[in-house]
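Residues 1 to 90 (my numbering) are what the sequence shown spells out, left to right.
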Amino acid sequence: MHHEAEYETVHHDAVTKEQTICTGCHQAVADFSAHKKEAMLNNNETCRNAGYTVKDITVQEAYDEKVLVKDAWDETVVTGCRCSGCGALK
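Here it is as C-alpha coordinates:
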(Lines of atoms letter the chains of each structure in order from A and count residues from 1; the text may use other names and numbers.)
(Lines give C-alpha, C1' and ligand atoms only; values in the text may rest on other atoms or scores of the structure.)
Protein backbone atom coordinates (compact mmCIF):
# COMPACT_ATOMS: atom_id res chain seq x y z
CA MET A 1 0.00 0.00 0.00
CA HIS A 2 1.39 3.42 -1.00
CA HIS A 3 1.24 6.37 1.41
CA GLU A 4 1.60 9.86 -0.05
CA ALA A 5 4.04 12.41 1.34
CA GLU A 6 2.58 14.76 3.95
CA TYR A 7 3.08 18.52 3.79
CA GLU A 8 2.36 21.40 6.13
CA THR A 9 1.76 24.98 5.01
CA VAL A 10 3.92 27.52 6.85
CA HIS A 11 2.97 31.20 6.53
CA HIS A 12 5.72 33.83 6.45
CA ASP A 13 4.65 37.41 7.22
CA ALA A 14 5.77 40.31 5.06
CA VAL A 15 9.09 41.93 6.00
CA THR A 16 8.98 45.72 6.22
CA LYS A 17 11.38 48.50 7.15
CA GLU A 18 11.08 52.21 7.79
CA GLN A 19 12.32 54.46 4.99
CA THR A 20 12.91 58.21 5.19
CA ILE A 21 11.41 60.09 2.21
CA CYS A 22 12.32 63.68 1.27
CA THR A 23 9.09 65.66 0.81
CA GLY A 24 10.81 67.85 -1.79
CA CYS A 25 12.09 65.30 -4.32
CA HIS A 26 10.06 62.32 -2.96
CA GLN A 27 13.12 60.07 -3.00
CA ALA A 28 14.19 57.64 -0.31
CA VAL A 29 17.22 58.91 1.58
CA ALA A 30 19.46 57.03 3.98
CA ASP A 31 20.56 60.18 5.86
CA PHE A 32 18.19 63.15 5.62
CA SER A 33 20.68 65.56 7.23
CA ALA A 34 23.29 64.72 4.58
CA HIS A 35 20.63 65.01 1.84
CA LYS A 36 19.60 68.46 3.12
CA LYS A 37 23.24 69.61 3.37
CA GLU A 38 23.89 68.49 -0.21
CA ALA A 39 20.76 70.39 -1.34
CA MET A 40 22.06 73.56 0.34
CA LEU A 41 25.52 73.19 -1.25
CA ASN A 42 23.95 72.65 -4.69
CA ASN A 43 21.40 75.46 -4.20
CA ASN A 44 18.56 72.95 -4.68
CA GLU A 45 15.53 74.93 -3.46
CA THR A 46 13.18 71.94 -3.73
CA CYS A 47 15.04 69.83 -1.17
CA ARG A 48 16.66 72.65 0.81
CA ASN A 49 13.26 73.87 2.03
CA ALA A 50 11.70 70.41 2.34
CA GLY A 51 11.08 68.18 5.28
CA TYR A 52 10.80 64.44 5.42
CA THR A 53 8.34 61.71 6.19
CA VAL A 54 8.91 58.13 7.33
CA LYS A 55 7.07 55.31 5.58
CA ASP A 56 7.06 51.56 5.98
CA ILE A 57 8.14 49.84 2.78
CA THR A 58 7.83 46.15 2.03
CA VAL A 59 11.17 44.41 1.61
CA GLN A 60 9.62 40.97 1.06
CA GLU A 61 5.98 40.11 0.44
CA ALA A 62 4.18 37.62 2.69
CA TYR A 63 4.11 34.08 1.33
CA ASP A 64 3.09 30.52 2.16
CA GLU A 65 5.54 27.63 1.92
CA LYS A 66 4.77 23.92 1.73
CA VAL A 67 7.14 22.03 4.03
CA LEU A 68 7.61 18.27 3.82
CA VAL A 69 6.59 16.69 7.12
CA LYS A 70 6.75 13.01 6.16
CA ASP A 71 8.18 11.30 3.06
CA ALA A 72 6.02 9.11 0.86
CA TRP A 73 6.44 5.42 1.62
CA ASP A 74 5.27 1.99 0.59
CA GLU A 75 3.91 -0.44 3.15
CA THR A 76 4.05 -4.18 2.62
CA VAL A 77 0.61 -5.59 3.30
CA VAL A 78 0.29 -9.33 3.88
CA THR A 79 -2.88 -10.54 2.16
CA GLY A 80 -2.53 -14.18 3.08
CA CYS A 81 -0.01 -16.71 4.25
CA ARG A 82 1.08 -20.10 3.06
CA CYS A 83 1.75 -22.98 5.39
CA SER A 84 5.41 -23.91 5.13
CA GLY A 85 4.55 -27.52 5.86
CA CYS A 86 1.63 -28.35 3.56
CA GLY A 87 1.52 -25.25 1.30
CA ALA A 88 -2.12 -24.39 2.14
CA LEU A 89 -3.21 -20.72 1.89
CA LYS A 90 -5.02 -18.98 4.69
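Glycine residues also receive a C-beta, built at the ideal position from the N, C-alpha and C atoms.
Lys55 beta carbon less than 8 Å from that of Gln19: Yes, these two residues count as a Cβ contact at 8 Å.
Near Lys70, which residues of its chain fall below 7 Å by C-beta distance, leaving aside the five closest residues on each side in sequence? If we look at Lys70 and ignore the five residues flanking it on each side, its Cβ neighbours are Ala5 and Glu6.
Measure the C-alpha to C-alpha separation of His2 and Ala14 and round it to an integer number of angstroms. Going from the Cα of His2 to the Cα of Ala14 covers about 38 Å.
Considering only C-alpha positions, which residue in the set Leu89, Ala62 and Asp74 is nearest to Gly80? Considering only Leu89, Ala62 and Asp74, the residue with the shortest C-alpha distance to Gly80 is Leu89.
Please list, in chain order, all residues of the same chain as Ala62 whose beta carbon is under 8 Å from its beta carbon, the five residues on each side excluded. Hits under 8 Å: His11, His12, Asp13 and Ala14.
Lys36 classed as buried or exposed, judged by whether at least 16 other C-beta atoms fall within 10 angstroms: Label assigned to Lys36: buried.
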